[in-house]
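Heads up: the structure comes next, in structure tokens.
Residue numbers (our numbering): 235 to 734.
Here's what the structure looks like:
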């Protein structure tokens, strides 16, 4: 199984480096799937999530504060468990920008006080991870063989449940989407001290979640066996459902709804009856949630987070892409949406196996379901995942970036930026970049001079000189209350257009 971060830091190959966890102390139980070393700043797109990254920090220490922050944001958005930076050669601590951004992201940043051979560290720890993976794969294959044998012999849901219960030493229950039991083995223990926490995995038919598999482990379960059951069993149970039960009208409507959302050339009159016939018939406000690289075995935690507080959810999983429509109370939709975002971030904090999630804008009617779906997906495109906070991109936090991404082909955007920032853009490259970086940080800090100076590590007098230079380039006082909104918009548009 993946090793917890605390276990990696105490491993005999890494502990001589005297690792100190500077941020993300609450996440020492997070899993490390692989240990990797690299000095490349643009390493995030090459990672899959769950890695501990080792770096000497030479290139990183010479990068600008904004690039250091983006380095942390990109790693966090990919679901990387943490980064360990060696500081013994530099003789100094880690840059404040790195520490501050890691703190904001809830990301594990480790300082290595002594030099250790990274090759030996990666080989030693990854060998342990590989051996465990092979062991888990054998368990999973054995379980799949048992369930496949039951399926080919004509076993129904109850037969599969009994086979799974015997193989995993757990009690098994299968529920449909309305909460009615479809199959069950022995009654689950009522005393919580008699068993571990129940585990749940969605069962999909044609990509649509139509039932739930719940495992009630005993007091000392084998994690490898439980992981194998959550990963392999749902597919077998889905096949049994498909063979033994006719699709309910609501399931057929749900499947048609997701097909329509993936091919959004439909009118409201086509969406409305599909929603009314699905499990969301009583809801009037919706939001889309998307994620990539999600396996069926890892879908349960996401489903649980989305269903908290009694929320209704329709989910579709195809080729690793999750698309879910979550129904929210129509009388407090904004507050309910923020609660959903918070719940998803909490789920990400406890399980980093997922890549970045995205939550789309509110859809206040069925007419806007295609919009929230498209915008949630847009949040996972281009550079927008770098805006993720604790693994979740909130569409509300990147509205202007989404718009710029949508209209990027239009030269009007580039003309607008050139018009508003022309005086700055005409400066020599080094001066231009310094002034633009100062202006971006100034707006990021809500025009607070004190916070801007702290973030840029500038003396107040130096900051005042730069703000004065900016005002002269633009022809007006950018620090005054009448600073035009167009300037703010142009700065944000330029950030997006330069990265696209």
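Just so you know, even glycine gets a beta-carbon here, dropped at the ideal spot from N, CA and C. These numbers were taken from a predicted model, which means no experiment stands behind them.
For residue i, name the three-state secondary structure that DSSP assigns.
i, result
"residue 447", "strand"
"residue 299", "helix"
"residue 276", "coil"
"residue 263", "coil"
"residue 549", "strand"
"residue 270", "strand"
"residue 434", "strand"
"residue 567", "helix"
"residue 719", "helix"
"residue 248", "coil"
"residue 562", "strand"
"residue 289", "strand"
"residue 400", "helix"
"residue 281", "coil"
"residue 577", "helix"
"residue 454", "coil"
"residue 730", "helix"
"residue 725", "helix"
"residue 242", "helix"
"residue 583", "helix"
"residue 538", "helix"
"residue 418", "strand"
"residue 555", "strand"
"residue 698", "helix"
"residue 604", "helix"
"residue 395", "helix"
"residue 524", "strand"
"residue 405", "strand"
"residue 590", "coil"
"residue 294", "helix"
"residue 256", "strand"
What does a CB cutoff of less than 6 Å around residue i pick up in its chain, not counting 5 residues either side in sequence?
i, result
"residue 550", "441, 442, 492 and 557"
"residue 628", "575 and 593"
"residue 472", "437, 438 and 439"
"residue 611", "524"
"residue 267", "236 and 284"
"residue 416", "391, 408 and 410"
"residue 598", "519"
"residue 269", "286, 356, 359 and 360"
"residue 613", "592, 627 and 629"
"residue 243", "253"
"residue 402", "459 and 463"
"residue 418", "407"
Within the same chain, show all residues whose beta-carbon is closer than 7 Å to that of residue i, passing over the 5 residues directly before and after it, in chain order.
i, result
"residue 432", "448, 449 and 450"
"residue 573", "543"
"residue 373", "458, 459 and 462"
"residue 728", "651 and 655"
"residue 484", "511, 512 and 513"
"residue 494", "500, 504, 505 and 508"
"residue 735", "Because the chain in this structure spans residues 235 to 734, residue 735 falls outside the shown range and cannot be described."
"residue 380", "397 and 401"
"residue 331", "299, 302 and 303"
"residue 478", "390 and 391"
"residue 258", "316, 336, 340, 341, 342 and 343"
If residue i and residue j are in contact, beta carbons under 8 Å, what's the gap, nearest whole angstrom?
i, j, result
"residue 394", "residue 458", "Rounded, the Cβ-Cβ distance is 20 Å, inconsistent with contact."
"residue 638", "residue 731", "6 Å"
"residue 328", "residue 252", "At roughly 14 Å, the Cβ-Cβ gap does not stay under 8 Å, so residue 328 and residue 252 are not in contact."
"residue 308", "residue 278", "4 Å"
"residue 467", "residue 398", "6 Å"
"residue 310", "residue 625", "7 Å"
Quick check: is the beta carbon of residue i nearer than 7 Å to any beta carbon in chain D?
i, result
"residue 417", "In the structure shown, chain D does not exist; there is a single protein chain."
Tell me which same chain residues have a C-beta within less than 8 Å of the C-beta of residue i, skipping the five on either side of it?
i, result
"residue 338", "623"
"residue 562", "517, 519, 520, 521, 545, 570, 571, 574 and 596"
"residue 538", "434 and 581"
"residue 490", "508"
Quiz item: If you scan the region 607–693 from start to end, which runs of the beta strand (DSSP E) of 3 or more residues do you find wholly inside it?
Solution: Those beta strand (DSSP E) runs which fall completely within the region 607–693 and span 3+ residues are 626–628.
Quiz prompt | Cβ pair count under 8 Å reaching 3, the region 378–397 against the region 358–368 | solution = With the rule of 3 Cβ pairs closer than 8 Å, the region 378–397 does not count as touching the region 358–368.
Practice problem: Could you say if the region 433–452 and the region 525–545 meet the contact criterion of at least three C-beta pairs nearer than 8 Å? | Solution: These segments touch.
Quiz item: Where are the alpha helix (DSSP H) runs, 4 residues long or more, that stay fully inside the region 298–384, in chain order?
Solution: 299–311 and 330–339, all fully within the region 298–384.
Self-check item: Touch test, the region 686–696 against the region 717–733, Cβ-Cβ under 8 Å, three pairs minimum
Solution: Touching, no, given that fewer than three Cβ pairs across the two stretches are closer than 8 Å.
Self-check item: Residue ranges of each alpha helix (DSSP H) within the region 458–520, 4 or longer
Solution: Correct list: 483–496 and 502–511.
Exercise. May I ask you to verify whether the region 347–355 touches the region 277–285, counting CB pairs closer than 8 Å and requiring at least 3?
Key: Flag = no, the region 347–355 and the region 277–285 do not touch.
Quiz prompt | Segment contact, 8 Å Cβ cut-off, at least three pairs: the region 286–294 with the region 313–324 | solution = Cβ pair count under 8 Å is three or more, so yes.
Quiz prompt | Cβ pair count under 8 Å reaching 3, the region 694–707 against the region 656–675 | solution = Touching, per the Cβ criterion.
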